[in-house]
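*Asks:* Structure in structure tokens, see below.
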Amino acid sequence: LDNEVHSSFIQRRLRSQERREMQREILSILGLPHRPRPHLYGKQNSAPMFMLDLYNAMTVEEEEAEGFSYPYKPIFTTQGPPLAIQQDSNFLNDADMVMSFVNLVEHDKEFFHRRRHHREFRFDLVKIPEGEAVTAAEFRIYKDYIRERFDNETFQISIYQVLQEHQGKDSDLFLLDTRTIWAAEEGWLVFDITATSNHWVLIPQQNLGLQLAVESGDGQSMNPKLAGLIGINGPHNKQPFMVAFFKATEIHLRSVR
Amino acid sequence: STGGKQRNQNRSKAAKNQDALRVSNVAESSSTDQKQACKKHELYVSFRDLGWQDWIIAPEGYAAYYCEGECNFPLNSYMNATNHAIVQTLVHFINPDTVPKPCCAPTQLTAISVLYFDDSSNVILKKYRNMVVRTCGCH
């Protein structure tokens, strides 16, 4: 009985004008000025897959209680983007929006200045909708299992924020995080870049991206690829990306029409 | 004051009872021509039908709802009638030409989440609070 359509409701296909009006209304509810036209949208890419995990976790969450919680502890998992699972660290249970950013560096530029390998990553945080504040942000990069190295060999992975670039010499860097991993490990590495993201949102012109460097156990700089780190040229479902969590700082009211 | 007030109270109580009786009589008659009672009806919004499945990753659409139906007396049969609806009903019976009956409207709302690509192929997961009717009732 509950699903019967009330007599006054006429079931028919929308005419094209009505369909356009409906689309305009829904876009306005979604807070979008127009319908997005993504150029490369692979739903099987790493970021959309990760976000879909979050969406599914959140939808389950909404059914149970009004909340949105995502475990923020960096999770080193052995398979693809981890399922966003409930954990005691409901660090972000009131996030209103989560956004993943594609890496804008078109190809892996393995820099070899003065015997120092490193890889660059850039993300455009300018497109954040108005009135959203970053509550947390992370950089995710996938590490493959590499056969060629001994299982008990370790690598030290360091993530830097680029502060200043100089022509012809190394950039000024600020160390954000360092992680020591086993050669035999496989899965997503998660680095906390919350402070950096807030800085980039506040001063976009200082967003010069991130750098990643790898050192072998004996302190030698090495090519990240040899440590199994997947770059922009790797498989789509393992490419590095950044994800940020936001809280709305103002209520979104639709403009009067 | 004591006595006088007491007498007044008795008189006003009798008058009130009279009124209450009248109100309920009027109410009875109106409930006989009961049309569709106030309740929630489903309206499915399909992003696919809108041709948006290329940029909206999830959901494929969502069950929106709308409230429709009459708010007739006695209101206590509507589990979701707000307390104010009862006051509104009584005042409506006293001044039916100027004060409207309580209206059939949402009494609880829930959020939905939408996952979509923006123009730069970044992915946005956004929670829209108070977007969908959970229960309807008489306000």
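Read top to bottom, the protein sequences are chains A and B. In the working numbering, each residue's number is its place in the first sequence (first place is 1) plus 1212. In the working numbering, each residue's number is its place in the second sequence (first place is 1) plus 15. The beta-carbon is built from N, C-alpha and C at its ideal position, and this holds for glycine as well. If you're wondering where the values come from, they're calculated on a predicted model, not measured in any experiment.
At 3 residues or longer, and completely inside the stretch 96-143 of chain B: list those beta strand (DSSP E) runs for me, N to C.
*Replies:* Within the stretch 96-143 of chain B, the complete beta strand (DSSP E) runs of at least 3 residues are 119-132.
*Asks:* Would you kindly report the start and end of the unbroken beta strand (DSSP E) that includes tryptophan 70/B?
*Replies:* Position 55 of the second sequence holds residue 70/B. Per DSSP, tryptophan 70/B belongs to no beta strand (DSSP E) and is neither H nor E.
*Asks:* Between Phe1457/A, Glu1230/A, Gln1418/A, which has its C-alpha nearest leucine 65/B's C-alpha?
*Replies:* On the second sequence, residue 65/B is found 50 positions in, with the first residue counted as 1. The candidate whose alpha carbon is nearest that of leucine 65/B is Glu1230/A.
*Asks:* Between valine 129/B and leucine 1242/A, which are expected to be in contact by the criterion C-beta below 8 Å, what is the C-beta distance as a whole number of angstroms?
*Replies:* The sequence position of residue 129/B within the second sequence is 114, counting from 1. The sequence position of residue 1242/A within the first sequence is 30, counting from 1. Yes, they are in contact, since the Cβ atoms of valine 129/B and leucine 1242/A sit about 6 Å apart, within 8 Å.
*Asks:* Can you list the residues of chain B that aspartate 1336/A reaches, using a CB-CB cut of under 9 Å?
*Replies:* For the purposes of this step, residue 1336/A is taken as residue 124 along the first sequence, with counting starting at 1. Within chain B, the residues near aspartate 1336/A are Ser135, Asn137.
*Asks:* So what does DSSP say about tyrosine 1357/A, is it helix, strand or coil?
*Replies:* Taking the first residue of the first sequence as position 1, residue 1357/A is located at position 145. Three-state result, tyrosine 1357/A: coil.
*Asks:* Should methionine 1309/A and proline 1341/A be called a contact, given that it needs their Cβ atoms to be closer than 9 Å?
*Replies:* Counting from 1 along the first sequence, the entry for residue 1309/A is found at position 97. Counting from 1 along the first sequence, the entry for residue 1341/A is found at position 129. Yes.
*Asks:* So is tyrosine 1267/A in contact with chain B if we call contact Cβ pairs under 9 Å?
*Replies:* Along the first sequence, read from residue 1 onward, the residue named residue 1267/A stands at position 55. Yes, its Cβ sits closer than 9 Å to a Cβ of chain B.
*Asks:* I'd like to know whether the C-beta atoms of phenylalanine 1453/A and valine 1314/A end up nearer to each other than 9 Å.
*Replies:* As a position in the first sequence, residue 1453/A is number 241, starting the count at 1. As a position in the first sequence, residue 1314/A is number 102, starting the count at 1. Yes, these two residues count as a Cβ contact at 9 Å.
*Asks:* Hey, does leucine 11/B have any beta-carbon neighbour from chain A nearer than 9 Å?
*Replies:* Any property of residue 11/B remains undetermined from this structure, which presents chain B solely from 16 to 154.
*Asks:* I'd like to check one pair, arginine 1331/A with proline 1447/A: are the Cβ atoms closer than 9 Å?
*Replies:* Here residue 1447/A refers to the residue found at position 235 of the first sequence. Here residue 1331/A refers to the residue found at position 119 of the first sequence. Taking 9 Å as the Cβ cut-off, proline 1447/A and arginine 1331/A do not qualify as a contacting pair.
*Asks:* Would you list, in chain order, the members of the stretch 115-132 of chain B that have their beta-carbon closer than 8 Å to a beta-carbon of chain A?
*Replies:* Residues Thr125, Ala126, Ile127, Ser128, Val129, Leu130, Tyr131, Phe132.
*Asks:* Indicate whether at least one CB of chain A lies closer than 9 Å to the CB of lysine 141/B.
*Replies:* Position 126 of the second sequence, counted from the first residue, corresponds to residue 141/B. Chain A contact via Cβ: present.
*Asks:* Mapping the DSSP letters down to three states, classify alanine 1470/A as helix, strand or coil.
*Replies:* Since the first residue of chain A shown is 1213 and the last is 1469, residue 1470/A is not available in this structure.
*Asks:* For the alpha helix (DSSP H) holding glutamine 1235/A, just list the boundary residues, first then last.
*Replies:* Here residue 1235/A is taken as the residue at index 23 of the first sequence, counted from 1. Per DSSP, glutamine 1235/A belongs to the alpha helix (DSSP H) from 1228-1242.
*Asks:* Counting only beta-carbon separations shorter than 9 Å, does arginine 144/B have a partner in chain A?
*Replies:* On the second sequence, residue 144/B is found 129 positions in, with the first residue counted as 1. Chain A contact via Cβ: present.
*Asks:* Beta carbon of glycine 76/B, beta carbon of alanine 52/B: below 9 Å?
*Replies:* Translated into the one-based positions of the second sequence, residue 76/B becomes position 61. Translated into the one-based positions of the second sequence, residue 52/B becomes position 37. Not in contact: glycine 76/B and alanine 52/B (Cβ atoms no closer than 9 Å).
*Asks:* Is it buried or exposed for arginine 1224/A, if we count other Cβ within 10 angstroms and need 16 for buried?
*Replies:* On the first sequence, position 12 is the one that residue 1224/A refers to. When all chains shown are included, arginine 1224/A counts as exposed.
*Asks:* Using a beta-carbon distance cut-off of less than 7 Å, what residues from the stretch 72-88 of chain B approach chain A?
*Replies:* Cβ contacts with chain A come from Ile72, Ala73, Glu83.
*Asks:* At 8 Å on the CB atoms, spell out the chain B contacts of arginine 1247/A, in chain order.
*Replies:* The residue labelled residue 1247/A in the question sits at position 35 within the first sequence. By Cβ distance, chain B contributes Trp67, Trp70.
*Asks:* Checking 9 Å against the spacing of the C-beta atoms, do valine 1455/A and glutamate 1350/A come in under that value?
*Replies:* Within the first sequence, residue 1455/A is the residue found at index 243, counting from 1. Within the first sequence, residue 1350/A is the residue found at index 138, counting from 1. Cβ distance < 9 Å, so valine 1455/A and glutamate 1350/A count as in contact.
*Asks:* Closer than 6 Å by C-beta to serine 1409/A: which residues in its own chain qualify, once you throw out the five before and the five after it? Chain order, please.
*Replies:* One-based indexing of the first sequence puts residue 1409/A at position 197. Excluding sequence neighbours, serine 1409/A sits near Val1346, Ala1349, Ala1456.
*Asks:* Give the residues of chain B in contact with histidine 1448/A, contact being defined as C-beta atoms less than 8 Å apart.
*Replies:* The residue labelled residue 1448/A in the question sits at position 236 within the first sequence. Chain B residues near histidine 1448/A: none, gap ~12 Å exceeds 8 Å.
*Asks:* Quick check: is the beta carbon of threonine 1347/A nearer than 9 Å to any beta carbon in chain B?
*Replies:* Working through the first sequence from its first residue, we reach residue 1347/A at position 135. No, threonine 1347/A lies away from the interface with chain B (no Cβ there is under 9 Å from its Cβ).
*Asks:* So the candidates are Gln1235/A, His1246/A, Ser1240/A; which of them puts its Cα closest to the Cα of arginine 63/B?
*Replies:* Counting from 1 along the second sequence, the entry for residue 63/B is found at position 48. It is Gln1235/A whose Cα lies nearest to the Cα of arginine 63/B.
*Asks:* Under 9 Å, Cβ to Cβ, is there at least one residue of chain A near valine 148/B?
*Replies:* Locating residue 148/B in the second sequence gives position 133, counting from the first residue. It does not: the Cβ of valine 148/B has no partner Cβ on chain A nearer than 9 Å.
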